[in-house]
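So the sequences go chain by chain: Z and P. This note's numbering puts the first sequence at residues 4 to 367. This note's numbering puts the second sequence at residues 4 to 367. Every residue gets a Cβ at the ideal spot worked out from N, C-alpha and C, and that includes glycine.
Protein chains: 2
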Amino acid sequence: MVAYGCFSFMIRVGVNGYGTIGKRVADAVEAQPDMELIGVAKTQPNFEAHTAVERGYPMYAAIPERSPLFAEAGIDIAGEVDELVAEADVIVDCTPSGIGAQNRELYETHHTPAIFQGGEDSDVADVSFNARSNFDAARDADYVRVVSCNTTGLSRIIAPLEEEYGVDKVRATLVRRGGDPGQNSRGPINDILPNPIKVPSHHGPDVKTIFPDLEIDTLGLKVPATLMHVHALNVTLEDDVTGAHVRQLLEGEDRVYVIPEGLGIDGAGKLKDFALDAGRPRGDMWENCVWGESIGVNGRDLYLFQAIHQESDVIPENIDAIRAMFDTEDKRDSMELTDRTLGVGISGDPSGFSEQARAEFADD
Amino acid sequence: MVAYGCFSFMIRVGVNGYGTIGKRVADAVEAQPDMELIGVAKTQPNFEAHTAVERGYPMYAAIPERSPLFAEAGIDIAGEVDELVAEADVIVDCTPSGIGAQNRELYETHHTPAIFQGGEDSDVADVSFNARSNFDAARDADYVRVVSCNTTGLSRIIAPLEEEYGVDKVRATLVRRGGDPGQNSRGPINDILPNPIKVPSHHGPDVKTIFPDLEIDTLGLKVPATLMHVHALNVTLEDDVTGAHVRQLLEGEDRVYVIPEGLGIDGAGKLKDFALDAGRPRGDMWENCVWGESIGVNGRDLYLFQAIHQESDVIPENIDAIRAMFDTEDKRDSMELTDRTLGVGISGDPSGFSEQARAEFADD
């Protein structure tokens, strides 16, 4: 066991919305030595609700009229969502896009700080957040928005490049998965959709909530895949650099995994297999996965491909956002604690990955 | 009937390789008033061979030892491929990538000029060709290579931009279909593959066979789709422009179709439906299909999305290459004749598209 030291108080966390993101945030909160998961709220007693009960998470009904459905499904609820909000020090809102904004009034009524997800407009909160890029902006904020999976993925690359070389302009094409594995009513099938068709897309402005002065244009597409997004990234730097130097820089980032050439990882499918083989929960890939071989430089123009696991890359960010809001740890300590407790970070020697992951999760 | 005027002589064309490209080239040659299709060569008597026979195309065995297979399949062959090569004024080689280069010796032996496809390395021929961009470079050449579908699609956009504004740099992400509809042993399924992983990809250098002085970096991916490629294109121009001006420029290009906003065309599937509804042969889309709504400008940076039909966009180019090699028509006349006979070009008023296409193909 790792000794985590002494924490002045435990932050009592409620999770509102227990779907793809909510269930992962709940597990991540549960793994933190300085946080207590006091409950999760859910609209319906589906398979995820049953898993929550098995894990011992107090279940709250997100929609009061639907409370009886939980009883019918054999699930004892601890109460309704407003009780969870009243009891919590902070709510992590993981409801579908647009619902979070509607929920803000509930959180305000109870004077409960809240974290929203990137599906909400940026004006839902006082600050948009990425731990690596602007941790301190969320200090003592009551309402914080963790930016979307794609914006998180872009921010983690832009931050070190900006610090090390200066960034003249970013141009990114986001080849997005059509839906998550469980979203089987979404498409496309056998098509490549410019989405949004309008260029530049809204993703660039979202990155600017983290880097206000950045020049960035983005293009988005949707394709028939469910596992991860893939970014084709171009960054025009302020100075000439070498690919080797950029690679070394990115290899030094804890939440960026530079995929070594020899592993035979050619796409998202093998990345997910790699994570599942290592025993990671749900096969999550919290890190940006940058193909080392793809890091190429032409003058001041840097190019690379990275895969972004839309279901999980924001999870460590939600944990760090909580600590930033309560000002309990500084950036470095919070990120290190989050990464250590979750198992984020793949060492340069991938043979150690499985062992490391197994050791971390054996503790849960 | 359109009167085509008087042609001094008919160019006798043989097509070696009768698959996805070859069968389309054969039909296109057949539609030309100044060309005669003297035969097609094929390796095996599959379904495409039977269609060729029904169309009355003399069939030659591409591999002598396999001649008996054609007889067994009930197909009378006119001879073997070397006889076709000997009789032809020009061979259009539509064999799979790499085979064309092996065939060059056969063509040289018979002193028969030849056109190769973009799957061959550029050194297979004296000149790489795109009608809009460098028609005159192929004049009197004995060996010409029509560049690939993707390079053709890029060249048709770059040429007018270069002429009108000057191009500082092109950055293109090519989201490529994994295989053609019939190539059912190819992938990916449910994955997004950087391909090639190395950045920049080989596509940029291929465009430079047409525009030697162009600055261009390309990134390629493969996705689970079969219908068309989609390009996310960025062109940094030498001057500030407006999106409206660029749109007007591209709308003036005969082999570029700027998709109007009101048609509800959001991807390759509907583009193909549009072409099939119009009665186009095989639902071919010979034009670059640029989403009008996507044409966006930020300072000197132009962005757009275009779909490229990998099976057919090079077909008019092969026809023009023949005329360039024999110096029978100038660029404008050749391209106009090709477009008129094939039905290439969609007027700004899409309601006329079907009527136009039906009229053209009723003549065949």
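Look at the stretch 294-305 of chain Z: the residues with a C-beta under 7 Å from a C-beta of chain P are 294, 296, 297, 299, 301, 304.
Taken in chain order, the members of the stretch 230-245 of chain Z whose beta-carbon sits within less than 8 Å of a beta-carbon on chain P are 230, 231, 232, 233, 235, 237.
Spanning the alpha carbons of residue 202 of chain Z and residue 236 of chain Z requires a straight line of approximately 16 Å. Legend: CB atoms of the stretch 266-286 of chain Z lying less than 8 Å from CB atoms of chain P belong to residues 269, 270, 271, 272. In chain Z, no part has a C-beta under 9 Å from the C-beta of residue 160 of chain P; the shortest such distance is about 14 Å. When the Cα atoms are used, residue 253 of chain Z and residue 238 of chain P turn out to be separated by approximately 28 Å.
Per DSSP, the unbroken alpha helix (DSSP H) holding residue 23 of chain P starts and ends at 23-33. Annotation: residue 48 of chain P to residue 296 of chain P spans about 45 Å, alpha carbon to alpha carbon. Rounded to whole angstroms, residue 286 of chain P and residue 132 of chain Z show a C-alpha spacing of 48 Å. Near chain P, meaning a CB-to-CB distance below 7 Å, the residues of the stretch 198-212 of chain Z are 200, 201, 202, 203.
Below 8 Å, enough C-beta pairs join the stretch 186-199 of chain Z and the stretch 221-237 of chain Z to call them touching: three or more.
By a beta-carbon distance limit of 8 Å, residue 115 of chain P contacts residue 93 of chain P. Their separation comes to about 7 Å.
Counting every other CB atom within 10 Å of its CB across the protein chains shown gives residue 284 of chain P a total of 16 or more, marking it as buried. Close CB contacts of residue 298 of chain P within its chain, under the 6 Å cut and outside five residues either way in sequence, are with 246, 249, 250, 307 (chain order).
Around the Cβ of residue 336 of chain P, a 10 Å sphere holds fewer than 16 other Cβ atoms; the residue is exposed. For residue 189 of chain Z, no alpha helix (DSSP H) encloses it, and the DSSP letter there is neither H nor E.
Contact of residue 137 of chain P with chain Z is not assigned, every C-beta pair being separated by 7 Å or more. Counting along the chain, residue 248 of chain P sits inside no beta strand (DSSP E); it lies in the alpha helix (DSSP H) bounded by residues 246-254.
The Cβ atoms of residue 149 of chain P and residue 141 of chain P lie no closer than 7 Å to each other. In this structure residue 44 of chain Z is in contact with residue 19 of chain Z, their Cβ atoms being roughly 5 Å apart against a cut-off of 8 Å. Against residue 193 of chain P, the close residues of chain Z are 227, 228, 229, 230, 272, in the order they occur along the chain (beta-carbon pairs closer than 8 Å).
Interface with chain P (7 Å Cβ-Cβ cutoff): residue 176 of chain Z is included. CA-CA distance, residue 83 of chain Z to residue 89 of chain Z, rounds to 10 Å. In the three-state reduction of the DSSP assignment, residue 235 of chain Z falls in the strand class, which pools E and B.
For residue 308 of chain Z, at least one C-beta of chain P is nearer than 7 Å to its own C-beta. Neighbours of residue 164 of chain Z in chain P, taken as residues whose beta carbon is under 9 Å from its own, are absent, since the nearest beta carbon is some 15 Å off. When only Cα atoms are considered, residue 197 of chain P and residue 233 of chain Z end up about 8 Å apart. Closest in C-alpha terms to residue 81 of chain P, from the list P:56, P:101, P:103, comes P:56. Cβ neighbours of residue 46 of chain Z within its own chain (closer than 7 Å, five residues either side excluded): 65, 66, 69. Per DSSP, the unbroken alpha helix (DSSP H) holding residue 326 of chain P starts and ends at 318-329. A straight-line Cα-Cα distance of about 21 Å links residue 139 of chain P and residue 15 of chain P. Membership of residue 91 of chain P in any beta strand (DSSP E) is not indicated, and neither H nor E is assigned to it by DSSP. Residue 252 of chain Z is outside the set of residues whose beta carbon lies under 7 Å from a beta carbon in chain P.
Straight-line spacing of the CA atoms in residue 346 of chain Z and residue 32 of chain Z works out to 13 Å.
For residue 329 of chain Z, the closest alpha carbon among the candidates Z:145, Z:134, Z:312, Z:105 is that of Z:145. Cα atoms of residue 319 of chain P and residue 96 of chain Z: separation of roughly 56 Å, rounded to the nearest angstrom.
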